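Numbering (our numbering), first residue to last: 1 to 247.
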């Protein structure tokens with residue numbers, strides 16, 4: 001069977017190696033070609049029929065790993081110093097598959113009054129005013145408060161005994177973040193931020209931009225818009241399907 005996590009980790013290491021050792025190398029185009037070749041070999045489709053494209057369950061999340069790898073700090077070095085880029089790449093090359101996949105595709109947990117804590121899509125649609133999100137990118141742990149939650153916290157509702165449940169809601173992601181950090185090496189940066197705040201960028205840079213300033217996608221949640229020129233995962237898959245099935 002095909003191990004999607006191990007394959008994603010291997011491709012990430014291979015891409016970093018090529019980026020470090022080859023001059024004038026277009027790493028993103030190379031990564032796209034490798035993904036298209038894999039889909040042409042293992043996907044089910046009819047020639048020139050994009051709607052017929054199907055991936056088996058053991059391949060289904062591999063394109064998502066490649067989508068997030070393309071957007072990662074391992075390949076996009078803009079905004080990072082050479083030392084930071086080297087730091088990120090060294091740990092990608094030395095950690096195991098579990099940590100590698102977390103570096104490539106961060107985990108996102110949601111906390112709210114409506115539902116018990118649990119994983120949600122790494123997508124802008126997961127942002128909601130009445131939710132707290134916990135993002136783990138391996139190098140950063142981000143606790144992100146929705147607009148309503150942030151306002152209640154600003155008004156110190158958590159200090160009022162009548163709102164003990166709100167205090168518990170605030171404390172739950174903080175406790176989980178501490179557990180994640182206690183055994184992590186290198187010790188991750190902890191970011192506590194609010195929706196529309198300056199540090200919200202730590203989360204917004206990692207989620208799938210299904211709603212952007214250019215086009216609001218069908219998955220856009222609660223009016224949250226990501227200011228980016230990156231394509232969404234949905235658009236990425238449409239291009240992948242079209243290039244895979246074409247004659």
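The C-beta atom is built at its ideal place from N, Cα and C for all residues, glycine as well.
Every value quoted in this text rests on a predicted model; they were computed, and no experiment measured them.
Report all residues from its chain with a CB closer than 7 Å to the CB of residue i; omit the five preceding and five following residues, and keep chain order.
{"i": "residue 228", "result": "209, 212"}
{"i": "residue 241", "result": "50, 53"}
{"i": "residue 190", "result": "141, 177, 181"}
Between the beta-carbon of residue i and the beta-carbon of residue j, is there less than 8 Å?
{"i": "residue 42", "j": "residue 59", "result": "yes"}
{"i": "residue 28", "j": "residue 63", "result": "no"}
{"i": "residue 25", "j": "residue 88", "result": "no"}
{"i": "residue 124", "j": "residue 108", "result": "no"}
{"i": "residue 8", "j": "residue 65", "result": "yes"}
{"i": "residue 200", "j": "residue 141", "result": "no"}
Taking DSSP as the reference, what is the three-state secondary structure of residue i?
{"i": "residue 221", "result": "Residue placement at residue 221 cannot be trusted, given a pLDDT of 47 that sits under 50; the coordinates are not used to answer."}
{"i": "residue 240", "result": "helix"}
{"i": "residue 53", "result": "strand"}
{"i": "residue 154", "result": "helix"}
{"i": "residue 111", "result": "strand"}
{"i": "residue 186", "result": "coil"}
{"i": "residue 121", "result": "coil"}
{"i": "residue 196", "result": "coil"}
{"i": "residue 6", "result": "helix"}
{"i": "residue 191", "result": "strand"}
Starting from residue i, follow its DSSP beta bridges and name the residues at the other end.
{"i": "residue 212", "result": "226"}
{"i": "residue 13", "result": "Bridge partners of residue 13: none, in fact."}
The alpha helix (DSSP H) that contains residue i, what's its start and end?
{"i": "residue 33", "result": "27-42"}
{"i": "residue 142", "result": "Run containing residue 142: none in the alpha helix (DSSP H); it sits in the beta strand (DSSP E), 140-145."}
{"i": "residue 201", "result": "201-204"}
{"i": "residue 83", "result": "82-94"}
{"i": "residue 65", "result": "62-70"}
In the DSSP assignment, find the beta strand (DSSP E) that holds residue i and state where it starts and stops.
{"i": "residue 136", "result": "132-136"}
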